[in-house]
Amino acid sequence: MAQRPGGRHSELFEREVVALLPDLLGAALRLEKNRADAEDLVAECVAAAWQRLPTLRDPAAFRGWMFRILSNRFISQCRARASYRELSVEEEVMEGEDFSLFLRLHQPMLLWWSSPEEQFLDRLLREDLERAVDALPECFRVVVVLVDLQSFSYQEAADALELPIGTVRSRLARGRALLQKSLWLHAQDAGVRPLDRIEPVTRT
Amino acid sequence: MTTPASMTCEEALALLAELIDAELGADQRQAVEHHLEACRSCYSRAEFERRFKQRLAQIGRRDVDAAFEGRIRSLISRFDDTPPAGAVD
Numbered sequence: 207m208a209q210r211p212g213g214r215h216s217e218l219f220e221r222e223v224v225a226l227l228p229d230l231l232g233a234a235l236r237l238e239k240n241r242a243d244a245e246d247l248v249a250e251c252v253a254a255a256w257q258r259l260p261t262l263r264d265p266a267a268f269r270g271w272m273f274r275i276l277s278n279r280f281i282s283q284c285r286a287r288a289s290y291r292e293l294s295v296e297e298e299v300m301e302g303e304d305f306s307l308f309l310r311l312h313q314p315m316l317l318w319w320s321s322p323e324e325q326f327l328d329r330l331l332r333e334d335l336e337r338a339v340d341a342l343p344e345c346f347r348v349v350v351v352l353v354d355l356q357s358f359s360y361q362e363a364a365d366a367l368e369l370p371i372g373t374v375r376s377r378l379a380r381g382r383a384l385l386q387k388s389l390w391l392h393a394q395d396a397g398v399r400p401l402d403r404i405e406p407v408t409r410t
Numbered sequence: 472m473t474t475p476a477s478m479t480c481e482e483a484l485a486l487l488a489e490l491i492d493a494e495l496g497a498d499q500r501q502a503v504e505h506h507l508e509a510c511r512s513c514y515s516r517a518e519f520e521r522r523f524k525q526r527l528a529q530i531g532r533r534d535v536d537a538a539f540e541g542r543i544r545s546l547i548s549r550f551d552d553t554p555p556a557g558a559v560d
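Heads up: the sequence lines are chains P and U, in that order.
According to my numbering, the first sequence is numbered sequentially starting from 207.
According to my numbering, the second sequence is numbered sequentially starting from 472.
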């Protein structure tokens, strides 16, 4: 971007940043969990990005580069306030809980148009999903935010977080399982009945 | 190399997340998709996981109000127009 002709550097930078703000703020809100801290994180990211702009070689990589700065600032801040818990080597290779909402909800004997799992998704509110993402430990949350909320590839997330791709893959799987379990537990608290209590549809 | 016809549910489900995340190579993608075409249970699970990922993607963007956009524009307006050469964190 720094080499692009046709405008002042800061104007070009501003245009790119403003176009990216909904994504940056969406990610920052899930990382910081509250609006004021999220907006501060985005502003700090923008200031840091301007400082590092000469290091951006490929203008097409601007989005990934910005998210790399955003996630690294978030992790640095978590470390500074000692809230970011690093996984030990043993925890990193440990098998995560294999929780599946689908397996809790799916009833193979039901006809396809009365699908409890689809109904569950239909009834999920944005707030339900946000609460479940916010409840994830930071090390899983940043991966879920990049891959599921921001559509990063595993390699892009690995580059942004400076992690091996295998670590991204395993943290993503564990983060998703925790996320689905959290939604399931919340749904049960809200009165959704466990699978074994749902009566099968019968013809009369 | 597992052929599409011989892929089991367990094998297909092990690759399901990577299929939905578009992380599989052509051969593996074709093998899993072939299994999903023939297996209603795995197909249902794949559809569920796809929709779940779509719902998550929807919370990844947030409307930016005028005040916050103004804050960012104001911040950028204060930058020296020549980015510092070689500045790295």
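Where a beta carbon is used, it is the ideal one built from N, C-alpha and C, also for glycine.
All figures in this text were calculated on a predicted structure; none of them were measured in a lab.
Burial state of P:L309 (16 or more Cβ within 10 Å): exposed
Collapsed DSSP secondary structure at U:T479 in the structure displayed: Assigned with DSSP and collapsed to three states, U:T479 falls in coil, not helix or strand.
message: For U:S548, count the other beta carbons within 10 Å of its own beta carbon; 16 or more makes it buried, fewer makes it exposed. Which is it?
response: exposed
query: The alpha helix (DSSP H) spanning U:V503 covers which residue range?
result: A497 to A509
- prompt: Below 8 Å between beta carbons: does that hold for U:E540 and P:L227?
  reply: Contact flag set, yes.
- prompt: Quick one: which chain P residues come within Cβ less than 7 Å of U:V535?
  reply: L227, P228 and L231
P:L367 versus P:Q257, P:I281 and P:A233, residue with shortest Cα-Cα distance: P:I281
message: the ligand FAD and U:A528: does the residue's C-beta get closer than 7 Å to at least one heavy atom of that ligand?
response: With respect to the ligand FAD, the structure shown offers nothing to examine, as it has no ligands at all.
query: Nearest to U:D534 by alpha carbon, out of P:L235, P:K239, P:Q283 and P:A286?
result: Looking at the Cα atoms, P:L235 is the closest of the given residues.
query: In angstroms, rounded to a whole number, what distance separates the CA positions of P:E405 and P:L385?
result: Reliability fails at P:E405, whose pLDDT of 44 lies under 50, so the model's placement of it is uncertain and no value is given.
task: Throw me the rounded Cβ distance for the P:L355 and U:I530 pair, which I believe falls under 8 Å.
output: 6 Å
Range of the contiguous alpha helix (DSSP H) that encloses P:N278: F268 to A286 is the extent of the alpha helix (DSSP H) around P:N278.
- prompt: In angstroms, rounded to a whole number, what distance separates the CA positions of P:A363 and U:E508?
  reply: One C-alpha to the other measures close to 31 Å.
message: Does the stretch 322-336 of chain P come into contact with the stretch 345-354 of chain P, if we say contact requires no fewer than three beta-carbon pairs (one atom in each stretch) closer than 8 Å?
response: Taking 8 Å as the limit for Cβ pairs, the verdict is that the stretch 345-354 of chain P does not touch the stretch 322-336 of chain P.
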